[in-house]
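Let me begin by presenting the structure, written as structure tokens, before commenting on it.
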Amino acid sequence: MPETLRNIALIVRREYLQRLRTRAFWVMTLLIPAMMAGFTLLPSKLMTMKIGGVHRIMVVSDIPQLADDFKDQLTINRTESSEQYSVETDSTTTDAEQQRLKGEVANKKLDGFVWLTK
Numbered sequence: 299m300p301e302t303l304r305n306i307a308l309i310v311r312r313e314y315l316q317r318l319r320t321r322a323f324w325v326m327t328l329l330i331p332a333m334m335a336g337f338t339l340l341p342s343k344l345m346t347m348k349i350g351g352v353h354r355i356m357v358v359s360d361i362p363q364l365a366d367d368f369k370d371q372l373t374i375n376r377t378e379s380s381e382q383y384s385v386e387t388d389s390t391t392t393d394a395e396q397q398r399l400k401g402e403v404a405n406k407k408l409d410g411f412v413w414l415t416k
């Protein structure tokens, strides 16, 4: 019985060393931790890229009171957040206006717009 255990141990050791010598083992040994670090750090880096600036937002609504209330909620002095918003309102709710606003967002003149219609 001890002879068979010794043989099994020799086979296991040989297989282990054979796997250790492969290029794939070493690539994966380095690649997996790098990927884990990337999956952990990259999203937080992307989330903090534009913190601290003023976000320009256009609120478009055919009901002026609704647009003003929305603007008031965004421009309340926020002490726990460094996010600041420059909010403008517009009551023109045509398709041409929506396309113009999409163009301004694409050209980075606006950070976004909120379209509130019936």
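Residue numbering for the sequence shown follows the working numbering, starting at 299 and increasing by one per position.
Just so you know, even glycine gets a beta-carbon here, dropped at the ideal spot from N, CA and C.
Count the other CB atoms within 10 Å of the CB of S389; is the residue buried (16 or more) or exposed (fewer)?
-> exposed
Which value, in whole angstroms, describes the spacing of the CA atoms of F368 and M345?
-> 24 Å
C-alpha distance - T387 paired with K416, whole-angstrom precision = About 16 Å.
Cβ-based neighbour list, E402, same chain, cut-off 6 Å, excluding 5 preceding and 5 following | Taken in chain order, the residues that qualify are L408.
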